[in-house]
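Residue numbers (the UniProt record's numbering): 1 to 318. We treat Cβ as the ideally placed atom computed from N, Cα and C, and that holds for glycine.
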């Protein structure tokens, strides 16, 4: 098969389309003929040499894919060749084939074509696990999403609104804020022009920025609020005012998804299938796709995501 290989960390030019050995499904694994993958910030970090795959994972980038089951290994439950699926991966999505534990595989929702389905696994699992499983967002509460126009952000806006919450977002342009409002957000702040903590008070904050936003995030939390940090685009260190945190009886959670054990990922996937997929089937939630790029031209897709001009997901089509 062919896959995107990183021979040496660097810029987008470090990504090359090469012939590599075919993967084989082990016990409990499904082999997928990949129709599409999607670009995530974690892929950019891996390309730069700042985010190695977990032990045992594919060395090729790509944390999600869609496609058709080609083969099911021993001890696989519920999937057989020919099934249209999408999957949460620990790596290997930028390839023509990938082997993945069956617990991380989901059937493609009705009303979503096979290629578009590649835009769903990583963002759906990230939002469901962090906003609902960890932070336990409730109906009527306010969710603040940083990076509201990102793949994660566009899904978080739609899902939180579907569950009856109020949603605020931050974004870097008025155009991006307008797109978030079209998706259902109630309020948006252009972070280049305004301190979000001076206007927004939230029960739950989903944060991809990290250290740079920590003080303002604590200021923006309501009493009993929950801050969930899932990224460090603004650095890994920030000043935490413990007095303010205690006074608000608030909490800070830091989570990652990629390196979790299969059983934990499987529990998240089951939650997504049970709670998110029916909303996708009904058309209440839809994947937001900015561009489709041939997988062999992944370098161009990485250049595009690094401009920060996209809204939603960038797909790599096989």
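Give the DSSP-derived three-state secondary structure of residue 240 in the structure shown.
Residue state, collapsed to three classes: coil.
Enclosing alpha helix (DSSP H) for residue 270 [first to last residue]
262–275
Helix or strand or just coil, what does DSSP make of residue 200?
coil
So, is residue 283 buried or exposed, given that buried needs 16 or more other C-beta atoms within 10 angstroms?
exposed
Could you give the DSSP three-state label for residue 232: helix, strand or coil?
Residue 232: coil per DSSP, three-state reduction.
Determine, using beta carbons only, whether residue 2 comes closer than 8 Å to chain D.
Any reference to chain D falls outside this structure, which holds one protein chain only.
What's the C-alpha gap between residue 167 and residue 188?
9 Å
Where does residue 292 fall in DSSP's three states?
strand
Taking C-alpha atoms, which residue in 36, 26, 46 and 25 lies nearest to residue 7?
46
Are the CB atoms of residue 242 and residue 119 nearer to each other than 8 Å?
no
Do the region 194–207 and the region 174–182 touch if we need at least three Cβ pairs shorter than 8 Å?
no
Quick one: what's got a C-beta closer than 7 Å to residue 258's C-beta in the same chain, skipping five residues either side?
42, 54, 63 and 90
Where residue 19 falls, given that 16 or more other Cβ within 10 Å makes a residue buried
When all chains shown are included, residue 19 counts as exposed.
Within the same chain, show all residues whose beta-carbon is closer than 6 Å to that of residue 103, passing over the 5 residues directly before and after it, in chain order.
A distance below 6 Å between beta-carbons, with the five flanking residues on each side excluded, links residue 103 to the following residues of its chain, in chain order: 262 and 266.
Give me whichever residues DSSP pairs with residue 254 in a beta bridge.
The bridge partners DSSP lists for residue 254 are 229.
Give me the residue from 209, 296, 157 and 204 with the minimum Cα distance to residue 186.
With distances taken between CA atoms, residue 186 lies nearest to 157 out of 209, 296, 157 and 204.
How do the region 133–149 and the region 62–76 stand: do at least 3 beta-carbon pairs fall below 8 Å, yes or no?
Touching, no.
Per the DSSP calculation, residue 312 is bridged to which residue(s)?
150
Keeping to the same chain, check which residues put their C-beta closer than 8 Å to that of residue 201; ignore five residues upstream and five downstream.
142, 220, 221 and 222
With the cut-off set at 8 Å, would you say residue 342 and residue 83 are in Cβ contact?
Because the chain here runs from 1 to 318, residue 342 falls outside it and cannot be looked at.
Output needed for residue 130: all residues of its chain with C-beta closer than 7 Å, excluding positions within five of it in sequence on either side, in chain order.
206, 228, 230 and 255
Report the partner residues of residue 186 according to the DSSP bridge assignment.
According to DSSP, which records beta bridges pairwise, residue 186 is partnered with nothing at all.
8 Å contact criterion, which residue 154 and residue 271 should meet: CB distance rounded:
Residue 154 to residue 271, Cβ: 20 Å. No contact.
If you follow the alpha helix (DSSP H) that residue 121 is in, where does it begin and where does it stop?
Residue 121: member of the alpha helix (DSSP H) spanning 121–127, first to last residue.
Residues near residue 236 in its chain [Cβ-Cβ closer than 7 Å; skip 5 each side]:
Closer than 7 Å at the Cβ level, and outside the excluded window around residue 236, lie 210 and 211.
Suppose contacts are defined by Cβ-Cβ distances below 8 Å. Is residue 100 in contact with residue 30 by that definition?
yes
Compute the distance between the beta-carbons of residue 112 and residue 79, then report whether it is under 8 Å.
no
Within a Cβ cutoff of 7 Å, which residues of the same chain sit near residue 77, ignoring the five residues on either side of it in sequence?
For residue 77, where only same-chain residues beyond five positions count, the Cβ hits under 7 Å are 102.
Taking buried to mean at least 16 other C-beta atoms within 10 Å of its own C-beta, is residue 302 buried or exposed?
buried
Smallest Cα separation from residue 26: which of 249, 317 and 56?
Nearest of 249, 317 and 56 to residue 26, Cα basis: 56.
Helix, strand or coil at residue 106 according to DSSP, with G and I counted as helix
strand
According to the neighbour-count rule (16 or more other Cβ atoms, all chains shown, within 10 Å of its Cβ), is residue 203 buried or exposed?
buried
Using 10 angstroms around the beta-carbon of residue 11, count the other beta-carbons present and answer buried if the total reaches 16, otherwise exposed.
exposed
Taking the Cβ atom as the reference point for each residue, do residue 319 and residue 60 lie within a distance shorter than 8 Å?
The chain is shown from 1 up to 318; residue 319 falls before or after that span and cannot be answered.
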